[in-house]
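Taking our numbering, I'd label the letters of the sequence shown as residues 2 to 184.
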Amino acid sequence: MTVVTVNLGEIVGRRSLEKMIIRDAAESDLPAIVEIYNTAIRSRISTAQLEPVSVEEKVAWFRGHSPQSRPLWVAEHDAQIAGWLSFHVFLPRSAYRDTVEISVYVSEQFQRVGLGRALLEKAITDSSRLGIHALVGCIFGHNEPSLRLFEKLGFERWGFLPRIARVDEIERDLMIVGRHISG
Ligand SMILES: CC(C)(COP(=O)(O)OP(=O)(O)OC[C@H]1O[C@@H](n2cnc3c(N)ncnc32)[C@H](O)[C@@H]1OP(=O)(O)O)[C@@H](O)C(=O)NCCC(=O)NCCS
């Protein structure tokens, strides 16, 4: 099991994040993971999933992760799940096997205190160990917080798919951001 203590060490906004643990998710974390995801679905900027999901619907997705190659991590603070990051298949063709898509979600109560950054930094650091050569993120063009977060950590805009999604009758763009992993 991967356990990392991220010491953010200051009181910012609504939360003190003195001790944040990032660890492999357990299946018992799934309700909290789903709750964070469903809040993001309602925001209409984070995901192309438009209807809320149930815990049962996400069990197969959860079990598709593996700590050794395609982990799902949660950030835990004081026994509360504050956010999560998942590694998943980018495209199901073998030439893309070393390229992995990541998704990161932070609970609203814990946003803007550096947690998204901490999760993403760990993903970049651990990618060599996981045999990953490139990381990509598929982000709506209007998801400014996420685009800024990824770009701050060295991701570049690799692909732009205009008006490819329809969200509540509004056409939305998709940006693919990417970063090669050296070594
Ligand atoms: C995007 C998201 C993960 C950012 O997480 P976070 O923990 O709030 O971000 P951090 O506090 O680590 O911020 C790191 C940087 O991201 C950018 N950022 C984060 N939130 C932002 C916002 N609301 N507006 C503008 N920039 C933002 C900033 O550049 C920030 O650096 P700064 O604080 O020095 O300005 C979070 O907003 C979230 O969970 N959103 C919903 C889910 C989502 O859209 N995920 C992306 C799809 S994969």
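Ideal Cβ placement from N, Cα and C applies to all residues, glycine included.
C-beta contact flag for residue i and residue j at 7 angstroms
i    : j    : result
I46  : F141 : yes
V101 : F88  : yes
I82  : G138 : no
S128 : I182 : yes
F161 : R180 : no
F63  : L31  : yes
Inter-residue CB distance, residue i and residue j (contact presumed, cutoff 8 angstroms)
i    : j    : result
I133 : D99  : 6 angstroms
L116 : I125 : Contact flag wrong, Cβ pair sits at about 15 angstroms.
Y106 : A41  : 6 angstroms
L154 : R118 : 7 angstroms
A26  : W85  : 7 angstroms
Residue i to residue j span [Cα, whole Å]
i    : j    : result
V168 : L51  : 8 angstroms
L73  : A49  : 20 angstroms
E28  : R130 : 23 angstroms
Q110 : V60  : 25 angstroms
P68  : R164 : 35 angstroms
S147 : A80  : 26 angstroms
R149 : K123 : 17 angstroms
V35  : E77  : 15 angstroms
S55  : N39  : 9 angstroms
I177 : E152 : 11 angstroms
E145 : S95  : 32 angstroms
L120 : I171 : 31 angstroms
Extent of the continuous alpha helix (DSSP H) to which residue i belongs
i    : result
V56  : V56 to R64
E152 : E145 to K153
L121 : L116 to D127
Residue burial classification, residue i (beta-carbon count within 10 angstroms, cutoff 16)
i    : result
W159 : exposed
V90  : exposed
A33  : buried
I37  : buried
G65  : exposed
Host beta strand (DSSP E) of residue i (start-end)
i    : result
S104 : T100 to V107
A41  : Taken as a continuous stretch (DSSP letters only), A41 belongs to no beta strand (DSSP E), being part of the alpha helix (DSSP H) at L31 to S44.
F161 : E157 to V168
D1   : Any property of residue 1 remains undetermined from this structure, which presents the chain solely from 2 to 184.
Q264 : Lying before the first or after the last residue shown, residue 264 is absent from the chain, which here runs from 2 to 184.
R173 : I171 to H181
L131 : That residue, L131, is in no beta strand (DSSP E); it is neither H nor E in DSSP.
Residue i Cβ short of 6 angstroms to ligand 3 heavy atom set
i    : result
Q112 : Absence of ligand 3 from the depicted structure is noted, with ligand 1 being the only ligands included.
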